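Worksheet for the structure shown next.
Have a look at this one:
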């Protein structure tokens, strides 16, 4: 345990020294992964699939806020979809514009969630997002996470129905919009996932703010169980098909990752909890103080000592 704590302190110290460089590297990695996923899943515009183009965009994104990176990823998504269906591209543009005005105009700091949610779906561990958002953020994180779930299932919808969307010229323009909206909003799996993620964030946030011992650990388990329960209820009521083995493996992986995050961010020693009471002219105050677990990183110094042997003179 002490070795892990020392390793954590070393990582914190390393990040404190090179935070600007590491942040740029992380943004570049997220951007590369996002653009690669879009080009691989719905890469219908050949110009954007050129490695020089999306690698250059990723390099520029390394120095931009996450909200701008999300905006650029949305433009790439709409551009690819416009090669298949101009109607769907227009609908998505309006949805993204509404989200940008209503949410990111007031709280732009959670833009990375809109990118991470589809990416973690792609890597089969999306259930970690509600746990991490509930632990580190607030209830406002439900909005970008829900939008990220929506984006992922839109990508899947376009990928599975590209031929139908391309060859629907015989339909009236009004019928096209009605059919697209009906197919998007009628995706029961997407609706159940949005509800499950929102419920998971809510439960984790409410529990981790309680003044009880091991609140974060309890919140992680409760958040995972809440997501499972919502998905099972959706499966029973709406006949939603979710791969069971894949979901359970993803949920276990999500709990492990959340526990690792808890260790690096909120490691406290409940055995040394103190309760303090004081007052002023208007109020009584009852404070629960839980000390953090902190250790100093080992500072190993090697010093050479040259010993000389004194020879005794014999008389």
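In the numbering used here, the protein residues as written are 1416 to 1730.
Virtual Cβ for every residue (Gly too), placed ideally from N, Cα, C.
Since we're looking at a predicted model, the values are computed, not measured.
DSSP places residue 1651 inside the alpha helix (DSSP H), whose first and last residues are 1630-1653.
Here the alpha carbons of residue 1572 and residue 1599 stand approximately 8 angstroms from one another. Residue 1637 has its alpha-carbon roughly 10 angstroms from the corresponding atom of residue 1621. Residue state for residue 1540 is assigned as coil, using DSSP reduced to three classes.
For residue 1679, the enclosing alpha helix (DSSP H) has its first and last residue at 1659-1680.
By the Cβ neighbour-count rule, residue 1673 is buried, with 16 or more other Cβ atoms within 10 Å of its own. Contact between residue 1612 and residue 1560 holds: CB atoms are separated by about 5 angstroms, below the 8 angstroms threshold. In summary, residue 1459 is buried, with 16 or more beta-carbon neighbours lying within 10 Å of its beta-carbon over all protein chains present.
A straight-line Cα-Cα distance of about 13 angstroms links residue 1497 and residue 1578. The alpha-carbon of residue 1646 is positioned some 15 angstroms away from that of residue 1540.
In this structure, the beta-carbon distance from residue 1690 to residue 1675 does not fall below 9 angstroms.
Contact between the stretch 1419-1429 and the stretch 1446-1466 is absent: fewer than 3 CB-CB pairs across the two stretches fall below 8 angstroms.
Per DSSP, the beta-bridge partners of residue 1704 are 1689.
In the three-state scheme derived from DSSP, where H, G and I count as helix and E and B as strand, residue 1604 is classed as helix.
Counting the other Cβ atoms within 10 Å of the Cβ of residue 1546 gives 16 or more, which makes it buried.
If you look at residue 1478, you'll find it isn't in any alpha helix (DSSP H); DSSP assigns it neither H nor E. The three-state reading of DSSP puts residue 1699 in strand, counting E and B together. Closest by C-alpha distance to residue 1512, out of 1485, 1532, 1568 and 1538, is 1485.
Here the C-alpha atom of residue 1443 lies approximately 19 angstroms from the C-alpha atom of residue 1432.
Here residue 1680 is exposed: its Cβ has fewer than 16 other Cβ atoms, across all protein chains shown, within 10 Å. Of all alpha-carbon atoms in 1643, 1668, 1684 and 1698, the one lying nearest the alpha-carbon of residue 1618 is that of 1643. In this structure, the CA atom of residue 1506 is about 12 angstroms from the CA atom of residue 1594. In the three-state reduction of the DSSP assignment, residue 1558 falls in the helix class. Taking 9 angstroms as the cut-off, the beta carbon of residue 1635 is found no closer than this to the beta carbon of residue 1557. Distance from the CA of residue 1456 to the CA of residue 1565, rounded to the nearest whole angstrom, comes to 15 angstroms. The beta carbon of residue 1514 is closer than 7 angstroms to those of 1562 in its chain, skipping five residues each way along the sequence.
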